[in-house]
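Visitor:
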């Protein structure tokens, strides 16, 4: 499903952007408030308000853990983004450290390894800031 320029379906082939955003939330790269800001950003970019109900339903979710519980009223499944390979996942952890200045949420990688993965995979930061242009000011 496409809303404006965003792939926000719940199936993997139609929900790549939503899958990436939810992976960012799971890794602590963004907060719930930033997820909600992203949803409002998608709504603003979507002509005729053609935003799927599951995206609007996410606005009512306040607890990060509840986003990832299957819930027919919100999303029956969490989409996966095929962009996220093992190497890019590690790069996402490097960006998480850069954005939040805290230890990556995953314990099997060091900060130095995560940052090196981000240097090898700059497309991760490009994708992140393309999806979250309102966060660009936060790191500038």
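Residue numbers (our numbering): 522 to 661.
Backbone N, C-alpha and C fix where the C-beta goes; we use that ideal spot for every residue, glycine too.
Should residue 655 go down as buried or exposed, given a rule of 16 or more other Cβ atoms within 10 Å for buried?
Guide: Counting Cβ neighbours within 10 Å, residue 655 comes out exposed, since fewer than 16 surround it.
Visitor: Using a beta-carbon distance below 7 Å, is residue 618 in contact with chain B?
Guide: Reference to chain B is not applicable here, since this structure consists of a single protein chain.
Visitor: Please report how far the alpha carbon of residue 548 lies from the alpha carbon of residue 571, in whole angstroms.
Guide: About 29 Å.
Visitor: Buried or exposed, going by whether 16 or more other CB atoms sit within 10 Å of the CB of residue 652?
Guide: Per the 10 Å Cβ criterion, buried.
Visitor: Compare the beta carbon distance of residue 614 and residue 637 with 7 Å and say whether it is the shorter of the two.
Guide: Not a contact, by the Cβ cut-off of 7 Å.
Visitor: Please list the terminal residues of the continuous alpha helix (DSSP H) segment that includes residue 611.
Guide: From DSSP, the alpha helix (DSSP H) with residue 611 extends over 607-621.
Visitor: For residue 621, which residues from the same chain have a beta carbon less than 8 Å from its beta carbon, with the 5 sequence-adjacent residues on both sides left out?
Guide: If we look at residue 621 and ignore the five residues flanking it on each side, its Cβ neighbours are 549, 550.
Visitor: Mind pulling the alpha helix (DSSP H) runs of 4 or more residues that sit fully within the stretch 534-598?
Guide: Those alpha helix (DSSP H) runs which fall completely within the stretch 534-598 and span 4+ residues are 537-547, 553-566, 574-579, 585-588.
Visitor: Let me make sure I understand the geometry here. Which of 619, 641, 564, 584 has the alpha-carbon closest to that of residue 552?
Guide: When each option's Cα is compared against that of residue 552, the closest is 584.
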